[in-house]
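Colleague: Sharing a structure with you now.
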Amino acid sequence: MIELDRSQLRAVCERACRGAGATPPQAELLAEATVEAELRGRRPVGVSHLLDYLGGFHDGRITTDVAPSVEQPTPVVVRVDCHGGLAQHGFDVAAEALVGAADTYGLAVLAVESCFTVGELDHYTRRLNAAGLIGLTCANSPALMSVAGARSPVLGTNPLSFGVPLPDGRRLTVDQASSATAWVSVRDAANRGAQIPLGWAVGPDGSPTTSADEGLAGALLPFGGYKGGNIALMVEVLATLAGGRFSSAAPPFNEGAHSPSVGMLVLALSPEVVGEGYPERLQAQLTAWHDDHGADVTVWIDPGEAPGCAVPDELYQTLTAWGRRADTST
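Heads up: the sequence shown is residues 1028 to 1357, going by the working numbering.
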């Protein structure tokens, strides 16, 4: 294992992105999002997931020659077309308009279309929380999950993220997929030769399986049965509102030469406009749930970042190999 602090990890990730063909803004934004996820313990969408992006840049699944375009058809609606590029980049160029509209009118929505897989969804919600806004973000992805008895995958893992800034500087946050687990978690288990819990996936024949390899060849399952499937459906509709591809029509993010071109929806609410003093009320209620009822409210509190992390040797060598390509491309 290679021990890296935050700045070292970010430099390795950014250099790897540049070596894979990312533009400077893409490399900076993606490296930052990757480091945030890794140091918050969300490793399935952290450094190991960056390899999917590096392959995407190299093979042409992530557009690098067209910047995201932003329009604001109404004062409270912002749209961004990523043209097959990064959702992180599209969000960044639209964030000022989104935050400004929410501050002025109490709420605003950002609809993103034609982006690569979005990575850690809470990355976007955190940006809103840092601006004092409540955030709700949802995104679809290439079809990996069976719902409503479908014989094959029809929806993505379709995550949603929710966050509220608290007066003491902490955040209440929920960030989860609609599936019982993330696809990358099943892939990681397969790479380790480990089994997966029953209920995560079905094999190619539609039968429940504990084999990670069979799960990858079959389909993921929603959490909570049909109720999780219903949430995945709602996310699908909201995320594709601006024109992103439906999950079943989206090319895979880990192979081929075409972007999944999926979508994302971000809702920003100003507690000061909609409900003045609400963060204080919420924090008091969390305290009451803990003190009076014994609820472990820390499960909803963002733990913040660790100062660094240990990266497996093989993963580190792969990242630095990508980084060395930056020398030959300049």
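We put the beta carbon where it would ideally sit given N, CA and C, even for glycine. In this text the structure is predicted, and so the values were computed from the model without any measurement.
Excluding sequence positions up to five away, which residues of its chain have a Cβ less than 6 Å from the Cβ of L1036?
Modeller: Here residue 1036 is taken as the residue at index 9 of the sequence shown, counted from 1. Excluding residues within five positions, the ones whose Cβ falls inside 6 Å are V1062.
Colleague: Out of A1277, A1128, C1336 and T1091, point me to the one whose CA is closest to R1106's CA.
Modeller: As a position in the sequence shown, residue 1106 is number 79, starting the count at 1. Taking only the C-alpha atoms, the option nearest R1106 is A1128.
Colleague: Report the three-state DSSP secondary structure of F1118 (helix, strand or coil).
Modeller: As a working mapping, residue 1118 is identified with position 91 in the sequence shown. Three-state result, F1118: helix.
Colleague: Can you tell which of A1333, G1331, T1314 and E1332 has the C-alpha that lies nearest to the C-alpha of V1394?
Modeller: This structure gives no information on residue 1394, because the portion of the chain shown stretches from 1028 to 1357.
Colleague: Could you check the C-alpha separation between V1126 and T1091 for me, to the nearest Å?
Modeller: For the purposes of this step, residue 1126 is identified with residue 99 of the sequence shown, where counting begins at 1. For the purposes of this step, residue 1091 is identified with residue 64 of the sequence shown, where counting begins at 1. Those two C-alpha atoms are separated by around 26 Å.
Colleague: Taking the straight line between their C-alpha atoms, what separation do you get for T1164 and G1283?
Modeller: For the purposes of this step, residue 1164 is identified with residue 137 of the sequence shown, where counting begins at 1. For the purposes of this step, residue 1283 is identified with residue 256 of the sequence shown, where counting begins at 1. Whole-angstrom Cα-Cα distance: 28 Å.
Colleague: Buried or exposed, going by whether 16 or more other CB atoms sit within 10 Å of the CB of E1341?
Modeller: Along the sequence shown, one-based indexing puts residue 1341 at 314. Exposed, since its Cβ has fewer than 16 Cβ neighbours within 10 Å.
Colleague: Taking the continuous alpha helix (DSSP H) assigned at A1295, which residues delimit it?
Modeller: Position 268 of the sequence shown, counted from the first residue, corresponds to residue 1295. From DSSP, A1295 is part of no alpha helix (DSSP H) but of the beta strand (DSSP E) over V1289 to L1296.
Colleague: By Cβ distance, which residues of its chain are closer than 6 Å to G1046, with the 5 residues on each side in sequence left out?
Modeller: On the sequence shown, residue 1046 is found 19 positions in, with the first residue counted as 1. Correct list, in chain order: W1349, G1350, R1352 and A1353.
Colleague: Going by Cα to Cα distance, which pick from I1029, M1028 and S1034 is closest to P1334?
Modeller: One-based indexing of the sequence shown puts residue 1334 at position 307. For the residues I1029, M1028 and S1034, the minimum Cα distance to P1334 belongs to S1034.
Colleague: Would you tell me roughly how many angstroms separate the C-alpha atoms of T1237 and Y1305, rounded to the nearest one?
Modeller: Within the sequence shown, numbered from 1, the residue matching residue 1237 stands at position 210. Within the sequence shown, numbered from 1, the residue matching residue 1305 stands at position 278. Going from the Cα of T1237 to the Cα of Y1305 covers about 44 Å.
Colleague: Excluding the five sequence neighbours on either side, which residues of its own chain have a C-beta within less than 6 Å of the C-beta of T1101, listed in chain order?
Modeller: Translated into positions along the sequence shown, residue 1101 becomes position 74. If we look at T1101 and ignore the five residues flanking it on each side, it has no Cβ neighbours.
Colleague: Tell me the residue span of the beta strand (DSSP E) that contains I1089.
Modeller: Here residue 1089 is taken as the residue at index 62 of the sequence shown, counted from 1. Where I1089 is concerned, there is no enclosing beta strand (DSSP E), given that its DSSP letter is neither H nor E.
Colleague: Would G1242 pass as a contact of V1264 if the rule is Cβ separation under 8 Å?
Modeller: On the sequence shown, residue 1242 is found 215 positions in, with the first residue counted as 1. On the sequence shown, residue 1264 is found 237 positions in, with the first residue counted as 1. No, Cβ-Cβ distance for G1242 and V1264 is not below 8 Å.
Colleague: Give me, in chain order, the residues of the same chain whose beta-carbon lies closer than 8 Å to that of R1198; leave out the 5 immediate sequence neighbours on both sides.
Modeller: The residue given as residue 1198 occupies position 171 in the sequence shown. Cβ neighbours of R1198 beyond the five flanking positions: R1153, N1156, G1190, V1191, P1192, I1328 and D1329.
Colleague: Quick check on this structure: which residue in A1064, F1250 and Q1312 has the alpha carbon closest to the alpha carbon of E1147?
Modeller: Taking the first residue of the sequence shown as position 1, residue 1147 is located at position 120. The residue with the shortest Cα to Cα distance from E1147 is A1064.
Colleague: Please name the residue in G1251, F1250 and G1073 whose C-alpha comes closest to that of D1149.
Modeller: As a working note, residue 1149 is residue 122 in the sequence shown. It is G1073.
Colleague: With DSSP as the reference, label H1285 as helix, strand or coil.
Modeller: Within the sequence shown, numbered from 1, the residue matching residue 1285 stands at position 258. Three-state result, H1285: coil.
Colleague: Do you know whose CA, among A1038, P1051 and A1207, lies nearest Y1253's CA?
Modeller: Looking up residue 1253 in the sequence shown gives position 226. Checked all of A1038, P1051 and A1207; the closest Cα to Y1253 is A1207.
Colleague: Which value, in whole angstroms, describes the spacing of the CA atoms of S1075 and A1170?
Modeller: The sequence position of residue 1075 within the sequence shown is 48, counting from 1. The sequence position of residue 1170 within the sequence shown is 143, counting from 1. So the alpha carbons of these two residues sit roughly 21 Å apart.
Colleague: For N1218, does the count of other Cβ atoms within 10 angstroms reach 16, so buried, or fall short, so exposed?
Modeller: If you number the sequence shown from 1, residue 1218 lands on position 191. Exposed, since its Cβ has fewer than 16 Cβ neighbours within 10 Å.
Colleague: How should E1041 be labelled, buried or exposed, when 16 other C-beta atoms within 10 angstroms of its C-beta is the threshold for buried?
Modeller: Here residue 1041 is taken as the residue at index 14 of the sequence shown, counted from 1. Buried.
Colleague: Report all residues from its chain with a CB closer than 6 Å to the CB of V1104; omit the five preceding and five following residues, and keep chain order.
Modeller: For the purposes of this step, residue 1104 is taken as residue 77 along the sequence shown, with counting starting at 1. Contacts found: V1136.
Colleague: E1098: which of L1182, V1139 and E1055 sits nearest, CA to CA?
Modeller: Taking the sequence shown and counting its residues from 1, one reaches residue 1098 at position 71. Here the closest residue by C-alpha is V1139.
Colleague: Where do the ends of the beta strand (DSSP E) carrying P1100 lie?
Modeller: Numbered from its first residue, the sequence shown carries residue 1100 at position 73. Start and end: S1096 to T1101.
Colleague: Using DSSP's beta-bridge definition, name the partner residues of I1328.
Modeller: For the purposes of this step, residue 1328 is taken as residue 301 along the sequence shown, with counting starting at 1. I1328 is bridged to L1199.
Colleague: With E1263 as the anchor, note down where its alpha helix (DSSP H) starts and where it stops.
Modeller: Locating residue 1263 in the sequence shown gives position 236, counting from the first residue. Run containing E1263: Y1253 to A1266, per the alpha helix (DSSP H) assignment.
Colleague: Just to confirm, are S1168 and A1246 a CB contact at a threshold of 8 Å?
Modeller: Residue mapping note: residue 1168 aligns to position 141 of the sequence shown, counting from 1. Residue mapping note: residue 1246 aligns to position 219 of the sequence shown, counting from 1. No; because the gap between Cβ atoms is not below 8 Å, this pair is not in contact.
Colleague: What residue range does the alpha helix (DSSP H) around E1147 cover?
Modeller: Locating residue 1147 in the sequence shown gives position 120, counting from the first residue. Run containing E1147: none; DSSP gives neither H nor E here.
Colleague: Compare the beta carbon distance of V1289 and A1266 with 8 Å and say whether it is the shorter of the two.
Modeller: In the sequence shown, counting from the first residue as 1, residue 1289 sits at position 262. In the sequence shown, counting from the first residue as 1, residue 1266 sits at position 239. The answer is yes: Cβ separation under 8 Å.
Colleague: For S1096 and P1180, I'd like the C-alpha separation in whole angstroms.
Modeller: By one-based count along the sequence shown, residue 1096 stands at place 69. By one-based count along the sequence shown, residue 1180 stands at place 153. Taking the straight line joining both Cα atoms gives about 31 Å.
Colleague: How close, in whole Å, do the beta carbons of V1145 and A1124 come, if the pair is a contact with beta carbons under 8 Å?
Modeller: Walking along the sequence shown from the start, residue 1145 turns up at place 118. Walking along the sequence shown from the start, residue 1124 turns up at place 97. At roughly 19 Å, the Cβ-Cβ gap does not stay under 8 Å, so V1145 and A1124 are not in contact.
Colleague: Beta-carbon of G1321 versus every beta-carbon of chain C: anything under 8 Å?
Modeller: No chain C appears in this structure, which consists of one protein chain only.
Colleague: Enumerate in chain order the residues of its own chain whose CB-to-CB distance from V1301 is below 6 Å, with the five nearest sequence positions on each side excluded.
Modeller: To locate residue 1301, count along the sequence shown from 1; it is residue 274. Within the same chain, V1301 has close Cβ partners G1133.
Colleague: Quick one: grab the DSSP three-state call for E1106.
Modeller: To locate residue 1106, count along the sequence shown from 1; it is residue 79. Residue 1106 is actually Arg in this sequence, not Glu. Strand, per DSSP.
Colleague: Which first and last residues belong to the alpha helix (DSSP H) in which E1055 is found?
Modeller: Sequence index remark: in the sequence shown, residue 1055 carries index 28 (1-based). Residues P1051 to L1066.
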